[in-house]
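Structure first, commentary second.
Protein chains in written order, with this note's numbering: chain A, 1 to 109; chain B, 110 to 218; chain C, 219 to 327; chain D, 328 to 436.
Laid out in structure tokens, this is it:
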């Protein structure tokens, strides 16, 4: 059983991760160019931003399907963190994705 | 292996189902009232609209994670179709949810 | 000229208002029924949630068009606050909509 | 006065333009690189995808504020069409943005 505060904290992490992924993709990555705009990296950044936004949306709607979107969110966040590590110079995004993944795994359990 | 035309046809079904669920929830259901605005029904309608939008988004981004969002989309569409059958007077939404579920299951396979 | 901290604070208010409007519509309003699920009220709640989400998105993308979405966001937030006052028992949403409107007006200036 | 079929046709154009902008940005532009991933171009492509999605959402909700989002959508579509012309090799996006802008202008009138 999750308490309301667990869910609010997961919504907060998802919306923070959404902000970090979208903001860094559209500013840091596009300005840096090179490996930062490699298709695979940009796609996982945008997919991560979208699933974080959707998982927060599902928790706010109050549907039990949030467990499934949170599970998928955790997987995509981990993959995004690994992509950011490989590209380098993206530690804020690595850290935020890992925090969000951890929070989403607890919510999906 | 999916062909491009399979994916485009799934994107089309998802965006049609998004339109049907959001449009009927915000117009037909709210105008009818009664069982149509019961929390469980409205929540599954809004969750269905959102996952359809997100699954289309993932296919357009071109990320392989679309298989997972499509699988979840198929499950939510089926649940939404059942809820619409129980509420009654929502046959368009029942039919569109079933078509989208079928298309998403093929995409998730 | 806006400083980065002004924009981050507007993104924060928009995402808080998105949470409040969507969360209260899908939980408080649907559970309460009656005036809370009147079509005009539910529509402005959902429109407010969406424009808040979009305005935050535009600021994160870093496009100068955020000024236009923030101006529209301020207008919709004010209308949503008035609708919540008329329905009653929605003071949290009234307050958050007013705070977001104020922040968006500054951003649109 | 708009007829329902005008609005459905504008929703269709917006969702087609959303698909074209997001799909071409995340696939064609990222694969091509060079001018195609210049920050200004990618930002207007993503802003265009988002405002098209939001304008369709507003029309589906049935809120009169769709006139304002459609007006903004028309402006962003025109700017996106010009950016695509300058980058070159993006005629599908130029054409779809112009069609959507024309439809949104009628809706905003």
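For each residue, glycine too, the CB sits at the ideal point set by N, CA and C.
Only a predicted model underlies this, so the values are computations on that prediction, with no experimental measurement involved.
Coil, strand or helix - residue i by DSSP
| i | result |
| --- | --- |
| residue 366(D) | helix |
| residue 219(C) | Because residue 219(C) carries a pLDDT of 48, less than 50, the predicted location of this residue cannot be relied on, and the following value inherits that uncertainty. Looking at residue 219(C) - three-state DSSP - the assignment turns out to be coil, as it is neither helix nor strand. |
| residue 163(B) | helix |
| residue 142(B) | coil |
| residue 198(B) | coil |
| residue 236(B) | Because chain B spans 110 through 218 in this model, residue 236(B) falls outside it and cannot be assessed. |
| residue 327(C) | coil |
8 Å Cβ cutoff, residue i in contact with chain D
| i | result |
| --- | --- |
| residue 171(B) | yes |
| residue 299(C) | no |
| residue 135(B) | yes |
| residue 219(C) | For residue 219(C), the pLDDT reaches just 48, beneath the cut-off of 50, and the residue's location in the model is therefore unreliable, although a value from the coordinates is still provided. Chain D contact via Cβ: absent. |
| residue 87(A) | no |
| residue 274(C) | no |
| residue 290(C) | yes |
Which listed residue (the options) has its alpha carbon closest to that of residue i
| i | options | result |
| --- | --- | --- |
| residue 201(B) | 129(B), 157(B), 187(B) | 129(B) |
| residue 56(A) | 168(B), 156(B), 169(B), 166(B) | 156(B) |
| residue 279(C) | 389(D), 409(D), 368(D) | 368(D) |
| residue 370(D) | 430(D), 406(D), 386(D), 392(D) | 406(D) |
| residue 276(C) | 386(D), 385(D), 372(D) | 372(D) |
| residue 191(B) | 139(B), 114(B), 210(B) | 210(B) |
| residue 196(B) | 114(B), 137(B), 178(B), 116(B) | 137(B) |
Proximity test, residue i beta-carbon vs the ligand FAD heavy atom, cut-off 7 Å
| i | result |
| --- | --- |
| residue 69(A) | In the structure on display, the ligand FAD does not appear, and there are no ligands present to speak of. |
C-alpha gap between residue i and residue j, whole angstroms
| i | j | result |
| --- | --- | --- |
| residue 350(D) | residue 378(D) | 15 Å |
| residue 110(B) | residue 215(B) | A caution first: residue 110(B) carries a pLDDT of 48, below 50, which makes its placement in the model too unreliable to give a value. |
| residue 235(C) | residue 267(C) | 7 Å |
| residue 109(A) | residue 67(A) | 7 Å |
| residue 244(C) | residue 53(A) | 17 Å |
| residue 84(A) | residue 31(A) | 15 Å |
| residue 288(C) | residue 281(C) | 12 Å |
| residue 199(B) | residue 322(C) | 39 Å |
| residue 223(C) | residue 283(C) | 18 Å |
| residue 336(D) | residue 8(A) | 39 Å |
Residue-chain proximity (residue i, chain G), Cβ-Cβ < 8 Å
| i | result |
| --- | --- |
| residue 294(C) | The chain inventory of the structure shown lacks chain G, comprising the protein chains A, B, C and D. |
Residue i at chain C interface by Cβ criterion, 8 Å
| i | result |
| --- | --- |
| residue 151(B) | yes |
| residue 159(B) | no |
| residue 155(B) | yes |
| residue 392(D) | yes |
is_contact[residue i, chain B] using C-beta, thresh 8 Å
| i | result |
| --- | --- |
| residue 350(D) | yes |
| residue 312(C) | no |
Cutoff 8 Å: residue i Cβ touching any chain A Cβ
| i | result |
| --- | --- |
| residue 237(C) | yes |
| residue 358(D) | yes |
At least 3 beta-carbon pairs within less than 8 Å: the stretch 73-90 of chain A vs the stretch 253-263 of chain C
Contact check between the stretch 73-90 of chain A and the stretch 253-263 of chain C: fewer than three CB pairs, one atom from each, fall below 8 Å, which does not count as touching.
Inter-stretch contact (C-beta, 8 Å, three-pair minimum) for the stretch 120-135 of chain B and the stretch 199-206 of chain B
yes
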